[in-house]
Amino acid sequence: MQVRQVPVPVPQAPGWVLVTPALAGICAGDLNLVSGAAAPSVLSAYEHRAPVIPGHEVVGVVAGASSTRWAKEGDRVLVEPTLRCTHKGLPECARCRAGDTHLCENRDRAGALCSGPSIGNSERAGGGWSEGFLAHEDMLVPADTIPDQRGVLAEPLASAVHAVLHWHRRGDRAAVLGAGAQARLVVASLRRLHPDLDITVLYDTRNPWRPRLGPRARRPAHMQGDVSADFAAIRSMGASRVLRGSGEEHLRRVAEILGARVLAPQNGALPVLDGGVDAVFDCHASAESLETGVRLLRAGGMLVLAARPSLQLVEWPLIWARELTVVGSALYGRESSGHRTFAIAREWLADTAFPIDSLVTHRFPLEDHEAAISVAVAGVSAGAVKVVFEGPAAEMRVRMDAEPAAADQAIDVPLLLHATSAHTRTGARTASNGS
Ligand SMILES: [Zn+2]
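Counting the sequence shown from 1 gives a position; this note's numbering is that position plus 792.
Structure, rendered in structure tokens:
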């Protein structure tokens, strides 16, 4: 990965606009891209092999628009990054025609207008880790009064909303596996939809559930997470409790708390709960989390895969015997209610009572991409939840540049931030045309 100057892209068809990013998030998929980790199994058929500008979690400002229906220069917008048939100039596939555009069957194909599956993974459109990228106005949602720090969460929140809406509630108890931004957004979404649901969050700050980060995964020695503050932050988003430990510890603690029975398999494998939780939202999808997840579920329960798994062994006998439902939840689009997932996400982001202001913990200029990536890789064990890049349209740039305290920070030390307000480092931030 490198920062370099490239020409500013120019919208070349009706409906297309140039967007200047304000903030652009770093997600687990981006870390896989940056580390060069191979796509799992058959998904490599979708792999985009040309160099790309990453960044698909974006809030920004329309900087250039012509021949548009509603988008105009100066509009602050949230960006739904998925590219579908019509954006590429291809005839619509069956899924797009049915309105399930997130399941577009041409996601690996290039058309006359665009290529790649999404903003951030497209040669023509570019991505949010830049000073400008292209999007079709169909992909934009007005940000109105939503602040940048919340707006940049629109894409991961839409994923969380989609995951949560897969579960048509049957029962009173859910578990969320993981402690990253996705898991927290799932917790907040579950709580918003189900005020009385019992929600247990299971995670391990020793980090065995972050196995795919490659050689860059070493945590800088100076970074330490504050576990008790983090537990409180997750509870404030709606978790009934937060537990930390190994898979076996999680199973035994949950059984104790919920009054489930612990069954011990004869082969010495991990125990299985009888009368466990009704739904598991696996936001890590590692071998360990999946193994724990299916064992936590009671008969008839649902496992929602809310993160990308790799090729792993799964306890199919348990899924068969207990008639469990396993459902993948990869993106967002239109929900069964008929609502666009991004419209739901926008409504929730605009509600200041929706408790997600603690999520953006670190902001970096693009030039500091190595520090930004290393903080994102270190993750919750280093106090980092959502790490974002600042673009030219960032609202807080001017104010924070003028903040004298921030100027004292050593340039190599990423700031660990307070729970409710993100800080940024000053210095090394220069304006330039295109990147
Ligand atoms: Zn399609």
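We put the CB at the ideal spot given by N, CA and C, even for glycine. Keep in mind it's a predicted model, so treat the numbers as computed, not measured.
Between the C-alpha atoms of residue i and residue j, what's the straight-line distance to the nearest angstrom?
i        : j        : result
Arg-1114 : Val-1096 : 16 Å
Leu-957  : Glu-1127 : 8 Å
Val-1046 : His-960  : 22 Å
Ser-1173 : Gly-970  : 12 Å
Pro-1196 : Arg-916  : Confidence in Pro-1196 is poor, its pLDDT being 40 and thus under 50, which makes the residue's placement unreliable; the coordinate value appears in the next sentence. Cα-Cα distance, rounded: 40 Å.
Leu-827  : Ser-1166 : Before going further, note that residue 827 is Ser rather than Leu in the sequence given. Using only the alpha carbons, I get a separation of about 11 Å.
Ala-814  : Val-851  : 6 Å
Ala-1145 : Ala-1056 : 43 Å
Glu-1159 : Glu-1182 : 10 Å
Gly-908  : Arg-901  : 7 Å
Arg-1033 : Cys-906  : 45 Å
Ser-796  : Gly-919  : The sequence shown places Arg at residue 796, not Ser. One C-alpha to the other measures close to 14 Å.
Ala-1025 : Gly-1171 : 15 Å
Cys-877  : Ser-1038 : 44 Å
Ala-1135 : Leu-977  : 16 Å
Thr-1117 : Val-798  : 47 Å
Val-869  : Leu-949  : 15 Å
Gly-811  : Gly-1130 : Per the sequence shown, the amino acid found at residue 811 is Val instead of Gly. The alpha-carbon atoms of Val-811 and Gly-1130 are separated by roughly 28 Å.
Val-800  : Glu-849  : 19 Å
Pro-846  : Ala-816  : 9 Å
Gly-1060 : Met-1094 : 25 Å
Leu-1088 : Leu-1065 : 6 Å
His-986  : Asp-964  : 9 Å
Leu-875  : Pro-934  : 18 Å
Ile-1049 : Leu-1035 : 11 Å
Val-862  : Arg-1027 : First, the amino acid is wrong: residue 862 is Trp here, not Val. Roughly 40 Å between the two C-alpha positions.
Ala-1071 : Pro-1157 : 39 Å
Leu-758  : Gln-1058 : In the structure displayed, the chain extends from 793 to 1227; residue 758 sits before or after that span and is not available.
Val-993  : Val-871  : 29 Å
Ala-890  : Tyr-995  : 38 Å
Glu-947  : Cys-896  : 18 Å
Nearest to residue i by CA position, among the options, is which residue?
i        : options                               : result
Gly-1085 : Ala-1122, Gln-804, Glu-1041           : Glu-1041
Leu-926  : Pro-803, Ala-950, Val-798             : Pro-803
Ser-922  : Asp-930, Ala-946, Ile-818, Arg-1027   : Ile-818
Ala-1079 : Ala-1164, Ala-855, Val-854, Leu-1062  : Leu-1062
His-745  : Val-1019, His-894, Arg-1027, Ala-1091 : Beyond the ends of the chain as shown, which are 793 and 1227, falls residue 745; an answer cannot be given.
Ala-805  : Ala-904, Val-1019, His-1076           : Ala-904
Gly-1051 : Gly-1068, Ala-1021, Arg-1036          : Gly-1068
Val-1169 : Leu-882, Arg-1053, Gly-972            : Gly-972
Ile-911  : Asp-867, Trp-862, Val-844, Ala-946    : Val-844
Taking all protein chains shown into account, decide if residue i is buried (16 or more other Cβ within 10 angstroms of its Cβ) or exposed.
i        : result
Pro-873  : buried
Gln-941  : buried
Gln-974  : buried
Asn-913  : buried
Met-793  : exposed
Glu-1162 : exposed
Tyr-838  : exposed
Leu-1103 : exposed
Arg-962  : exposed
Ala-1186 : buried
Trp-1112 : exposed
Arg-841  : exposed
Ser-951  : buried
Arg-1138 : buried
Gly-943  : buried
Asp-936  : exposed
Can you give me the Cβ contacts of residue i inside the same chain, cut-off strictly under 8 Å, excluding the 5 residues immediately before and after it?
i        : result
Leu-982  : Val-956, Ala-966, Val-968, Leu-989, Ile-991, Gly-1030, Phe-1073
Asp-892  : Gly-1125, Arg-1126
Arg-1044 : Val-1054, Pro-1063
So, for residue i: in the same chain, excluding its five sequence neighbours on each side, which residues have a beta-carbon less than 6 Å away from its beta-carbon?
i        : result
Arg-1132 : Arg-1126
Ile-938  : Leu-1141, Ala-1142
Glu-1260 : Not covered by the structure: residue 1260. The range shown for the chain is 793 to 1227.
His-879  : Cys-906, His-928
Leu-1110 : Val-1086
Pro-1184 : Thr-812, Glu-923
Ala-1091 : Arg-1114
Asn-737  : Limits of the chain in this structure are 793 at one end and 1227 at the other, which puts residue 737 out of reach.
Ala-1164 : Phe-1156, Val-1179
Val-1205 : Here the model assigns Val-1205 a pLDDT of 32, short of 50, so the residue's position is not dependable and the matter cannot be decided.
Looking only at its own chain, which residues have a Cβ that is under 7 Å from the Cβ of residue i, when we skip the five neighbours before and after it?
i        : result
Thr-860  : Gly-807, Val-809, Glu-929
Lys-864  : Val-854, Ala-857
Leu-1082 : Asp-1074, Pro-1101, Gln-1104, Val-1106
Leu-835  : none
Ala-980  : Met-1029, Gly-1030, Phe-1146, Pro-1147, Ile-1148
Gly-866  : Val-853, Val-854
Ala-1077 : Leu-1097, Ala-1099, Arg-1100, Pro-1101
Asp-1022 : Val-1172
inquiry  = Would the stretch 1105 to 1123 count as touching the stretch 1140 to 1150 if we require 3 or more Cβ pairs under 8 Å?
reply    = no
Contact between the stretch 883 to 893 and the stretch 812 to 826 (3+ Cβ pairs under 8 Å) = no
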